[in-house]
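Visitor: So that we are looking at the same thing, I have put the structure below in structure tokens.
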Amino acid sequence: MTHAPSRHSVLTAAHWGPVRVETDGERIFASYGELPTAHQNSLQTVVHDQVHSKTRVRFPMVRKGFLASPDKPQGIRGQDEFVRVSWDDALDLIHAQHKRIRESYGPSSIFAGSYGWRSNGVLHKAATLLQRYMALAGGYTGHLGDYSTGAAQAIMPYVVGGNEVYQQQTSWPVVLEHSDVVVLWSANPLNTLKIAWNASDEQGLAYFAALRDSGKRLICIDPMRSESVDFFGDKMEWIAPHMGTDVALMLGIAYTLVENGRHDEDFLARCTTGYERFADYLLGTTDGTAKTAEWAAEICGVSAVKIRELAEIFHHNTTMLMAGWGMQRQQFGEQKHWMIVTLAAMLGQIGTPGGGFGFSYHFANGGNPTRRAAVLASMQGSIPGGVDAVDKIPVARIVEALENPGGFYQHNGMDRRFPDIRFIWWAGGANFTHHQDTNRLIRAWQKPELVVISECFWTAAAKHADIVLPATTSYERNDLTMTGDYSNQHLAPMKQVVSPRWEARNDFDVFAELSETVGSRRLRSVHRRKKRAGVAGDFLQYCRPAWRQPGGDAAAVCRILAG
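The opening position of the sequence shown corresponds to residue 22 in the numbering used here, with each subsequent residue numbered one higher.
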């Protein structure tokens with residue numbers, strides 16, 4: 022007599038936090054958040070839809086025109102039909118074409134930057150595993166920056182010494198105790214706090230709720246009436262400048278501060294350099310145009326009266342400027358965050374309790390205090406004996422690189438030239454949904470000789486590939502993660518919920534198998550050890566060397582995974 026698998030719950034985790042899943046090992050019945058919270062996250066309820074989606078890549082697939090003639094493929098990416106092949110045939114085809122392209126054009130011809138929101142586990146990180154494999158094969162072209170904060174992360178190190186967008190913020194308890202005025206500038210935390218780069222610790226919305234009920238003066242500056250404005254309701258003032266005019270508004274506030282003698286000259290003299298040059302521009306000495314409130318109002322659509330009022334409010338109160346990232350995703354986007362810092366410096370409140378600025382309160386629950394216990398190590402792209410990226414390009418300039426191989430460009434103050442990219446492998450990312458001007462991307466995407474996509478779903482990128490490899494979702498394998506990119510609040514198991522669907526494979530296993538074709542004893546050895554030791558022993562191998570004391574208990578990791 023055959024017994025039906027019993028229904029049980031499994032604790033796992035994803036970008037949207039720790040998740041409890043009801044399953045029988047093959048089917049998923051329900052999922053919900055594991056952490057107690059008053060702010061439910063709808064993304065935690067869709068595990069079934071992800072794992073059993075009709076859009077899953079079920080088998081290794083090769084574009085028909087490519088399969089017929091890999092060296093001189095026919096057809097058009099994105100229009101050609103796909104043919105199912107075996108895993109062996111798919112990997113043999115990749116190996117042969119990889120070898121041909123590497124020997125013909127060199128390592129810089131292979132783009133393995135592969136930016137994207139891959140699994141949040143410490144082991145099954147698709148792009149990292151791809152880069153380890155490419156390092157073993159002799160090098161590759163990597164990427165610089167990202168689509169989220171490409172302008173801000175480039176300029177901020179020169180302005181404040183760190184990128185700020187991915188760094189811990191002034192802690193929420195300090196903000197709630199000391200800030201008088203909090204400004205959400207181009208930030209929508211009700212939307213963006215649903216996810217984190219690791220797993221969400223889910224604390225940010227609770228802090229924003231406490232802020233809403235704190236009685237502080239709350240202001241949102243955003244062209245769009247966002248979910249966050251509705252969340253705060255009548256406890257927040259919404260100011261809507263014209264799209265892309267934030268710097269003009271900031272300049273109008275800055276001019277008003279100077280006009281009324283409200284700027285902190287002592288702080289500017291002690292803690293900054295370059296203010297005099299900025300002041301010449303602000304006051305119109307260099308270009309004949311004073312950046313008055315009236316001048317700013319004509320550009321941004323916010324009245325001069327309101328601009329002057331904001332200057333007075335910011336000056337007379339401990340003010341925290343919480344800025345988002347959307348406003349810097351455009352040409353000259355670096356000016357937005359640079360001007361936020363300049364404005365905070367003119368107020369003289371940087372470094373004071375509850376004052377200054379923050380660029381990551383809306384992301385990954387920034388401001389939730391950092392814990393001091395153990396932090397997981399994770400797989401790194403470099404590997405002993407391998408060759409790291411021989412070149413790197415800004416990820417958002419991949420189209421320009423394809424259009425203009427060998428062409429000149431500037432990045433971060435340096436003169437550079439684009440590599441001649443012939444082979445793209447994108448794993449764990451969906452660049453067609455990230456990139457600007459999709460039609461231009463589609464045209465440029467026809468230029469490489471080989472495009473491989475490792476993917477769980479038939480994304481637009483997968484549909485524009487030559488070879489598509491079906492990858493497991495994070496619910497079909499074991500891993501570990503931390504909650505809170507900044508807080509490191511919990512160590513969270515990412516337990517396997519169901520067996521791999523159809524012919525999906527773990528990225529780790531795929532690259533370990535391919536590594537054998539480039540003679541990698543090291544990665545092959547790790548692969549064998551992984552199979553032999555099981556999940557707990559596996560993770561100890563990776564985590565133990567970098568376990569941080571005090572608070573690190575490697576044996577506890579085994580118990581968490583086995584329990």
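Ideal Cβ positions, reconstructed from N, Cα and C, are used throughout, including at glycine.
1. Name, in chain order, the residues that DSSP records as bridge partners for Gln431.
2. By how many angstroms is the C-alpha of Lys516 removed from the C-alpha of Gly54?
3. For Tyr187, does the three-state DSSP call read helix, strand or coil?
4. So, helix, strand or coil for Met341, using DSSP?
5. Can you check which of these residues, Leu423, Ala300 and Thr76, is closest to Glu286 by C-alpha distance?
6. Using only CA atoms, which one of Gly225, Thr339 and Arg393 lies nearest to Asn62?
7. I need the straight-line Cα distance from Gly376 to Gln370, nearest angstrom please.
8. Short of 6 Å in beta carbon distance, which residues of its chain neighbour Met177, apart from the five on each side in sequence? Order them along the chain.
9. Please list the terminal residues of the continuous beta strand (DSSP E) segment that includes Met515.
10. So for Ser90, helix, strand or coil by DSSP?
11. When you compare each of Lys75, Pro39, Met82 and Leu88 to Thr66 by their alpha carbons, which one comes out closest?
12. Quick one: what's got a C-beta closer than 6 Å to Thr266's C-beta in the same chain, skipping five residues either side?
13. For Ile122, count neighbouring C-beta atoms within 10 Å of its own C-beta (all shown protein chains included) and say buried if the count is 16 or more, exposed if not.
14. Over the uninterrupted alpha helix (DSSP H) stretch that includes Cys321, give me the two end residues.
15. Looking at Asp500 and His145, is the spacing between their C-beta atoms short of 7 Å?
16. Classify Ile404 as helix, strand or coil using the three-state DSSP reduction.
17. Closer than 6 Å by C-beta to Ala417: which residues in its own chain qualify, once you throw out the five before and the five after it? Chain order, please.
18. So is His73 buried or exposed if we call it buried at 16+ other beta carbons inside 10 Å?
19. Could you name the residues of the same chain whose beta carbon sits closer than 7 Å to that of Ile97, not counting the 5 residues immediately before and after it, in chain order?
20. Beta-carbon separation of Ile442 and Ala422 under 7 Å?
21. On a Cα-Cα basis, can you pick out the residue from Pro81, Leu303, Thr339 and Leu56 that is closest to Cys477?
22. Between Thr33 and Glu223, is the Cβ-Cβ spacing less than 7 Å?
23. Buried or exposed, going by whether 16 or more other CB atoms sit within 10 Å of the CB of Phe353?
24. Tell me where the beta strand (DSSP E) around Phe103 begins and ends.
25. For the putative contact between Gln585 and Tyr382, defined by C-beta atoms under 8 Å, what is the C-beta separation to the nearest angstrom?
26. Exposed or buried, what is Thr162 when buried is set at 16 or more other beta-carbons lying within 10 Å of its beta-carbon?
27. Give me the residue from Asp70, Gly142 and Leu157 with the minimum Cα distance to His119.
28. Would Asp528 and Ser475 qualify as a contact pair, given that the criterion is a beta-carbon distance under 7 Å?
29. If you draw a straight line from the C-alpha of Thr307 to the C-alpha of Arg298, how long is it?
30. How many Å lie between Gln384 and Asp234 at the Cα?
31. Name the two residues that bound the continuous beta strand (DSSP E) containing Trp259.
32. Pull up the distance between the alpha-carbon of Thr191 and that of Val106, whole angstroms please.
33. To the nearest angstrom, report how far apart Arg238 and Leu303 are at their CA atoms.
34. By the 10 Å Cβ neighbour count, where 16 or more other Cβ atoms means buried, how is Leu544 classified, buried or exposed?
35. Can you list, in chain order, the residues of its chain with a C-beta nearer than 7 Å to that of Leu56? Leave out the 5 residues immediately preceding and following it.
36. Return the CA-CA distance between Arg246 and Val323, expressed in angstroms with no decimal places.
Guide: Well, looking at it:
1. Asp436
2. 15 Å
3. coil
4. strand
5. Ala300
6. Gly225
7. 5 Å
8. Asn184 and Glu185
9. His511 to Met515
10. coil
11. Pro39
12. Ile320 and Cys321
13. buried
14. Ala314 to Cys321
15. yes
16. coil
17. Tyr168 and Gly171
18. exposed
19. Gln467
20. yes
21. Pro81
22. no
23. exposed
24. Phe103 to Arg105
25. Residue 585 lies beyond the range of the chain shown here (22 to 584); nothing can be said about it.
26. buried
27. Leu157
28. yes
29. 9 Å
30. A small correction: the amino acid at residue 384 is Phe; Gln does not occupy that position in the sequence shown. Taking the straight line joining both Cα atoms gives about 21 Å.
31. Met257 to Ile260
32. 53 Å
33. 28 Å
34. Only weak support is given to the placement of Leu544: the predicted model assigns it a pLDDT of 48, under 50, and the question is left unresolved by the model.
35. Gly38, Pro39 and Glu223
36. 15 Å
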